[in-house]
Amino acid sequence: MKKTLPVAFGMLVGCYMVAEYFIPHHAVRDLSAHVLEWGGVVAASAYVIGGINLVQVTWPKIRRREPDWGFKVVLLGSALVMALVGLPWRSLYGTHEPGYLDPLPGPDLAAQKNNKAIVFVDAPDDVVLTIGPITTSTKHMLASCSQRSPLPCVFVDPGELSLKAGRSVVGYDTFEKKVNLVAGDMVTLAANPGMRWGADGRFRTWIYDHVFAPCNATMFALLAFFVASAAFRAFRARNVEAALLLGSAIIVLLAQAPIGRWITTSLPHLSDWILDILSNGSRRAIIMGAAVGAIATGLRVILGIERSHLGGDS
Amino acid sequence: MTDVATIDIIGAWVGIFLTMCILSFLYGDNPFYKLGEHLFIGVSIGYIVVVQFRNNFYVKFDRDLTWWDLAPAALVAMMFVKFASKQLVWLGRFPLAFVIALYAGQSITGLVGSDLGDQIKTASRSLVVHKIDLQTAGANELSNVPGVSPAIATKLAAERKDHPFESLDDALTRPSLTDSERADLADERGVLVGTDARATAAGGRNQIDWFGVASQVLLLIALLTGLLYFYFSIAHKGAIGRVSRVGVWILMIGFGASFGYTVQGRIALAIARAQDVRGKFMSPHDAAQIHGEVAAIVSAVIIIAGIWLFGRHEKRHRAGATPPAEAS
Amino acid sequence: MNRIVVLLLVTCGIARAEEIHPEIVEQAPKSTQWMIEMLFDQGFFSGRGVEPDGRHIGISWTREPAVPTPVLVLRRALPDGTDVKGRSTRVVDQGGTVLVPAFLYPSTPKEYHSAYDPSVNPLTVGTKIGEWTVVASVDGDAPDPIVDEVDPGTYLYALVPAVRGAKPDTYVGFPGDAVVTWSVSPHAAWFNRRRWFHLALIAIIAGSLFGFTWLAKRKELFVRRLAGVDAIEDAVGRSTEMGRPVLYVTGVEETQDIQTIASLLILGHVAKITAEYDTDIRVANAFPLTMVIAEEVVRQGYANAGRADAHRPENVMFITSEQFAFAAGVNGMILRERPATNIYFGRFYAESLMLAETGFLTGAVQIAGTGELTQLPFFISACDFTLLGEELFACSAYLTREPNQLALLKAGDVMKVVIAVLVVGFTVCATLAANNVYPFTRFSIEDVLP
Amino acid sequence: MTDRVHWSDRLQRFDRRWIFLIMGLAIVVPLYLPIGFPIKPRPMTKAAFNAVEELKPNDVVLVSMDLDPASTAELEPYYRAVILQLKRKNVKLAFTTLWYQAPPLVERWLRETVDVPIAPAGTPGYVGAPDRAYVRNVDYVYLGFREGKQNIMLGMGADLHHVFDGKTDDGTPLDSIPWMKTSRSLGDFKLMVLVSAGSPGAKEYVQYVQNRYNLRMVAVTTAVSTTDLAPYYQSGQLLGIVAGLSGSAEYEVLVGKPSIGVEGADVLNAGHGVVIVAIVLGNLAYFAGRRRKRKAA
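If you read the sequences in order, they're chains W, R, P and H.
Going letter by letter, the first sequence gives residues 0 to 313 in numbering that gives the first Met the number 0.
Going letter by letter, the second sequence gives residues 0 to 327 in numbering that gives the first Met the number 0.
Going letter by letter, the third sequence gives residues 0 to 449 in numbering that gives the first Met the number 0.
Going letter by letter, the fourth sequence gives residues 0 to 296 in numbering that gives the first Met the number 0.
So, in structure tokens, the structure goes:
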């Protein structure tokens with residue numbers, strides 16, 4: 000009972016998944032979509048168990064002050080932080096306007112005379128401003144254009160003007176507006192785009208860019224060195240097989256680097272040939288063999304022959 | 000042109016420091032590597048958990064629920080039963096049975112289509128290989144001729160319209176080709192796998208590429224011997240043994256090739272790290288503000304000094320301590 | 000005298016030239032002969048790329064004499080099962096450029112409707128005008144079918160010759176008559192015959208699975224030994240002597256990968272062995288779901304060995320799903336816990352070399368098995384034993400020499416013979432066909448694997 | 000056995016960290032002192048290039064960015080080159096990713112390569128038409144990430160809008176974008192550019208959807224997966240493959256904007272040299288050692 004029911008259930012699901020491939024009927028298609036979604040949900044919920052397991056494994060080490068317990072703290076801590084900054088906090092306590100436009104009264108005669116309008120900017124100097132064609136920040140602006148306002152500013156041509164204020168890095172709001180200015184008009188662009196939280200938020204992106212990405216890439220890059228040492232240690236022509244492995248490896252190695260073509264133009268051809276013919280031939284054999292094995296394994300599962308994972312001792 | 004925020008300059012330095020921490024694994028297991036390792040693992044977990052929940056619950060169930068949704072709910076519930084009750088643990092087998100059967104069934108049909116069907120289809124092609132006829136070939140086919148770039152292909156197509164090619168030499172030295180293009184084409188000449196083997200300017204009657212034919216035969220042999228090697232029902236003795244040995248040889252050549260390719264990839268990674276530290280992937284303006292090289296040197300010094308100090312510290316504390324494990 | 004001939008070819012799946020139903024309609028301004036082909040599935044082959052799921056209709060046409068003018072394809076639904084014959088129709092008044100209500104609202108001719116001026120209102124695909132929906136707009140004829148996705152039901156199509164305006168999707172004129180097709184109602188197929196051979200392949204494997212299971216109960220089956228598999232038990236024994244744990248890595252791919260599943264199945268048997276030897280087994284998982292299953296599997300392994308009490312759940316660990324963070328974590332375990340045996344079964348990517356090299360450093364016995372071809376060279380070079388591709392799937396069968404398990408290998412071998420025969424056979428056919436040797440020109444792999 | 004250690008033994012037993020050091024130098028030094036070998040595209044790369052060249056303006060192309068920061072090394076040069084090519088072809092772009100590690104990376108790359116022109120008129124060392132800045136949700140959309148790997152592929156093959164809940168990543172309804180409204184499933188895309196670092200990626204796309212909906216696909220892949228994908232190129236299921244860093248460098252040359260890829264490919268020479276030397280040394284030591292043992296015995 001406790002064993003046969005799950006097995007039967009599995010057989011049902013498995014056989015359906017196989018049949019589904021051969022039945023183009025739309026009703027079946029729709030059902031399959033559902034079933035596949037369930038799989039995703041189950042897999043995702045497992046992360047809760049994963050988290051529990053993580054604590055189960057690391058917490059005792061910390062409590063018992065085992066060697067390296069400090070690093071376990073780092074592990075749990077960074078996990079917690081990264082998870083928390085991933086939450087959209089801002090949406091929890093409401094958002095604020097990234098900026099606003101404030102037209103100043105009266106034309107500025109000087110500007111009017113040489114047919115210009117003025118945009119004053121009230122923003123921190125790390126805000127990237129796109130005023131019409133120019134992209135700049137308050138640091139690189141004129142100190143003053145008119146006695147009307149002490150704010151840094153730029154002269155612009157009359158007509159429709161698109162204003163954009165954001166920050167150079169991801170994770171901030173952007174303020175965007177179009178205004179229509181005539182010569183002599185003055186407008187103040189006040190902008191201080193707020194920081195976003197959550198998936199595309201500032202913190203998460205920062206940690207991703209400066210902790211996750213470098214570690215990830217460097218871990219991977221270690222392989223460049225391991226490959227060298229593996230080559231030194233393991234690629235020794237002990238027998239025919241090893242010798243062949245070595246030979247083709249060296250040929251492809253040379254051909255892969257630009258130097259290969261420099262040595263002889265037929266080297267890349269040779270390596271391509273090895274790849275297309277010899278490599279593909281044997282590779283195809285493995286692909287097919289593995290596919291057969293995989294299908295047989297799959298069949299044994301869905302036909303209920305293999306049931307060790309469900310407590311049935313097969 | 001705007002400046003990089005201070006926090007991001009710091010970030011860049013942190014990134015470079017962590018890069019060095021992990022590289023220090025090459026010297027041996029040490030506190031700096033452990034720091035990088037645990038930080039990395041922790042961050043990755045925190046990252047994934049959010050992603051998983053966002054995409055499987057927040058996004059998917061951002062709609063009014065239906066009766067269908069009871070099914071996954073039930074499965075999930077059963078998965079958690081083991082925390083609640085001891086004698087109901089067996090319920091946990093249902094979600095297990097579900098996912099395993101689901102994915103097993105799915106891969107059966109996925110594999111039978113692509114890895115069996117299509118591979119069989121591809122494998123059973125005619126052994127006869129005809130040369131590419133520069134006179135009639137289409138643009139794509141043309142650019143499969145060694146050394147023929149898309150640009151050259153279009154030129155050839157134009158050339159042959161005006162006056163047909165008499166020979167390969169004629170075709171590959173037409174006036175509209177630039178000298179560098181001619182040089183490229185000249186490099187690719189060759190009777191086995193080069194232009195002469197792969198292409199013809201004869202027009203009309205299609206010539207056979209004999210080396211191509213031989214290769215196709217070899218391809219077939221490689222496949223069959225390979226299959227034989229994986230044939231379990233007979234011992235590899237005598238004739239069978241010798242043939243399957245050939246299979247192994249070809250297998251090994253294949254592995255060698257893929258090793259060669261892999262090396263390229265791996266070294267590329269290290270190169271990219273170096274380029275990254277130099278700020279190659281960002282605008283020169285930003286790179287100038289970050290001084291990646293300086294950061295790298297500073298971090299390297301800190302780490303080397305640190306490892307040395309820790310080493311001494313270890314020794315003083317427990318005499319006869321084992322030196323950091325060499326990792327290679 | 001002006002005539003327009005509407006030749007409709009409603010196919011049962013694939014086009015069959017002999018099933019042409021000619022239909023002649025009188026009075027039309029210009030003599031154009033439409034050859035229209037409607038493709039939808041009726042439980043037979045899916046024709047020319049039209050999915051046989053009852054939700055796709057393919058329509059293609061050629062005109063005699065050939066006319067390059069764009070054609071606007073419109074669709075409207077009919078009450079189910081209505082049977083309407085193809086005919087030509089007017090879409091504009093004489094010399095007019097606006098689509099007339101009579102065409103737009105055929106079902107309610109009495110009521111008032113306004114005309115539609117496509118020269119100002121663009122007709123993008125999907126727009127509804129009157130009862131019609133714009134399906135496509137093609138320049139010239141469409142020899143390859145336009146595939147239209149619809150809900151199950153009965154539909155009617157109108158092919159309207161048009162003249163494009165300056166702005167995209169606008170039309171300034173409609174020369175000649177439009178054609179309204181026969182009504183079509185696609186039926187969903189219950190079997191996709193294009194895949195019959197795939198089914199056959201699966202059937203062969205399943206058949207031989209059962210066949211050999213039956214046979215194995217009667218006579219001893221021969222199966223070549225695999226060094227890698229025999230090594231597992233010895234390695235476990237060695238760890239027992241050294242009093243160090245066994246590390247089992249289930250790969251870095253999700254549970255849905257068949258290699259992960261295979262790895263989990265093998266884990267059951269390995270856990271049984273370790274339980275018998277009373278050795279710790281540490282299982283490192285990259286995905287929590289895999290971890291959940293692995294824990295259950297290990298518990299069963301211990302139970303099958305009759306030592307359920309010895310099972311420690313915290314020995315089955317979830318490290319992290321991030322490939323290289325996972326590699327870093329496992330590296331750490333290998334360096335600091337120093338297991339005497341490392342078993343890597345499942346799908347591995349770049350981290351294979353990382354793990355294998357670190358394991359080599361600690362002097363552990365390493366057994367790897369994966370179907371991931373690109374990683375095999377590294378496992379081979381750095382591990383003591385490596386199971387190549389299929390051997391991974393064979394492994395669980397070896398570990399328990401029970402009849403139904405061996406049947407798996409036998410079934411695999413049968414399949415390999417079938418593959419070899421197919422490949423050789425069709426290669427010969429193709430080669431002979433390439434040299435126009437009759438009758439081989441008539442066979443092709445396409446027949447079995449379209 | 001003699002007392003003083005024979006050179007072959009020393010060579011066999013010497014500390015591998017020296018190899019690491021040499022490899023490190025081989026990678027860093029050439030970055031500052033380039034060698035500069037010519038780079039010539041291979042057919043596979045050219046085929047990929049052609050597939051993109053065949054596109055017409057306003058064709059809709061799906062770019063699937065299935066990668067993580069680790070694999071940018073090999074893929075980023077290609078990505079930048081192909082985006083330039085696509086943009087100057089003036090096609091509509093839809094970006095998506097099946098890797099949960101990717102989204103922040105993709106966001107950044109979109110800002111760096113799509114929102115701004117890569118090669119505005121007068122870019123030094125660039126031959127070819129200049130590209131323009133693409134406008135989000137007008138010229139291109141970012142569909143975002145969905146968990147589910149192969150299932151998502153299958154889903155996109157059947158109904159892309161359903162998979163992404165009819166919204167782009169920033170919540171813009173897909174139906175509000177004319178060209179996206181008409182691109183409802185993978186079949187509606189003229190070409191799929193697979194920036195694929197592993198699994199799920201090009202291989203899975205071919206296995207699960209290519210043969211179902213016979214789609215046009217080109218792939219850039221890490222050098223290591225090349226041998227894995229080559230059969231699919233032969234069988235015509237992939238229209239072209241760009242293999243790793245050297246492939247990316249070749250692609251940069253084809254597109255006419257040599258950059259990081261070409262620089263990196265140049266450094267490969269030294270790196271490969273080190274590996275080959277390592278192999279040769281290893282074998283020398285091995286054989287010398289063996290001969291000595293034979294003598295001793």
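We put the CB at the ideal spot given by N, CA and C, even for glycine.
With a threshold of 16 other CB atoms inside 10 Å of the CB of H:Ala101, please say whether the residue is buried or exposed.
buried
Measuring only between beta-carbons, confirm whether P:Trp33 sits less than 8 Å from chain W.
no
Please report whether the beta-carbon of P:Ala349 lies at a distance below 8 Å from any beta-carbon of chain H.
yes
In whole angstroms, give me the CA-to-CA distance for W:Leu74 and H:Pro129.
48 Å
Through-space distance from W:Met140 to W:Leu108, alpha-carbon basis
21 Å
As a quick exercise: from P:Leu71, P:Ala270 and P:Ala367, pick the residue whose alpha carbon is nearest that of P:Val228.
P:Ala367
Go ahead and label H:His297 buried or exposed: buried means 16 or more other beta carbons lie within 10 angstroms of its beta carbon, across all protein chains shown.
The requested residue 297 of chain H does not occur in the structure, where chain H is confined to residues 0 to 296.
Segment contact flag, the region 183-200 of chain H with the region 57-73 of chain H, C-beta cutoff 8 Å, min 3 pairs:
yes
Please list the terminal residues of the continuous alpha helix (DSSP H) segment that includes R:Tyr26.
Run containing R:Tyr26: none; DSSP gives neither H nor E here.
Counting C-beta neighbours from all protein chains within 10 Å, is the total for P:Arg74 16 or more, i.e. buried, or is it exposed?
buried
In or out: P:Gly125 buried (at least 16 other Cβ within 10 Å) or exposed?
exposed
Cβ of P:Val124 less than 8 Å from any chain H Cβ?
yes
In the structure shown, what three-state DSSP assignment does P:Arg237 receive?
helix
When you compare each of H:Leu92, H:Pro199 and H:Leu244 to H:Asp187 by their alpha carbons, which one comes out closest?
H:Leu92
6 Å CB neighbourhood of P:Phe151 in its chain, flanking five on each side removed:
The residue asked about is misnamed: residue 151 of chain P is Pro in this sequence, not Phe. The answer, listed in chain order, is Gly53.
Whose Cβ in chain P lies nearer than 7 Å to the Cβ of R:Arg241?
The premise fails here: R:Arg241 is roughly 16 Å from chain P at the closest Cβ pair, so nothing lies under 7 Å.
Return yes when the Cβ of P:Lys415 is within less than 8 Å of the Cβ of P:Phe211, no when it is not.
no
Could you name the residues of chain H that P:Glu389 contacts, counting a contact when the two beta carbons are closer than 7 Å?
Near P:Glu389 there are no residues of chain H at all, since even the closest Cβ is about 16 Å away, more than 7 Å.
Burial state of W:Asn238 (16 or more Cβ within 10 Å)
exposed
Measure from the C-beta of H:Ile259 to each C-beta in chain R and report whether the shortest distance is under 8 Å.
yes
Note the first and the last residue of the continuous beta strand (DSSP E) segment covering P:Leu38.
Gln32 to Phe39
Closest Cβ-Cβ distance between H:Gly255 and chain W: below 8 Å?
no
Would you tell me roughly how many angstroms separate the C-alpha atoms of R:Pro94 and P:Thr289, rounded to the nearest one?
12 Å
Please decide whether H:Ile38 counts as near chain R, where near means a Cβ-Cβ distance under 8 Å.
no
Would the region 107-119 of chain R and the region 51-64 of chain W be scored as touching if the rule is three or more Cβ pairs under 8 Å?
no
List the whole-angstrom C-beta distance separating H:Tyr99 from H:Glu146, where the pair is believed to meet the contact cut-off of C-beta under 8 Å.
7 Å
Looking at C-beta atoms only, is the number of pairs between the region 41-59 of chain H and the region 82-92 of chain H that lie closer than 8 Å three or more?
yes
Whole angstroms is fine: what's the gap from W:Ala248's alpha carbon to R:Phe254's?
8 Å
Interface residues of chain H around W:Arg228 at Cβ under 8 Å?
The sequence shown places Ser at residue 228 of chain W, not Arg. Ordered by position in chain H, the residues that pass the 8 Å Cβ test against W:Ser228 are Arg15, Ile18, Phe19 and Ala277.
Confirm, please, whether the CB-CB distance from P:His112 to P:Pro100 is below 8 Å.
yes
Min CB distance R:Phe56 to chain H below 8 Å
no
State yes or no: is the C-beta of R:Ala170 within less than 8 Å of the C-beta of R:Leu133?
yes
Keeping to the same chain, check which residues put their C-beta closer than 7 Å to that of R:Arg272; ignore five residues upstream and five downstream.
Thr18
From the DSSP output, in three-state form, read off H:Lys57 for me.
Position check: residue 57 of chain H holds Asn in this sequence, whereas Lys was assumed. In this structure, H:Asn57 counts as coil in the three-state DSSP scheme.
Cβ shell of R:Leu34 (< 7 Å), same chain only, five flanking positions each side left out
Cys20
Using 8 Å as the threshold, is the C-beta distance between P:Leu155 and P:Ile128 below it?
no
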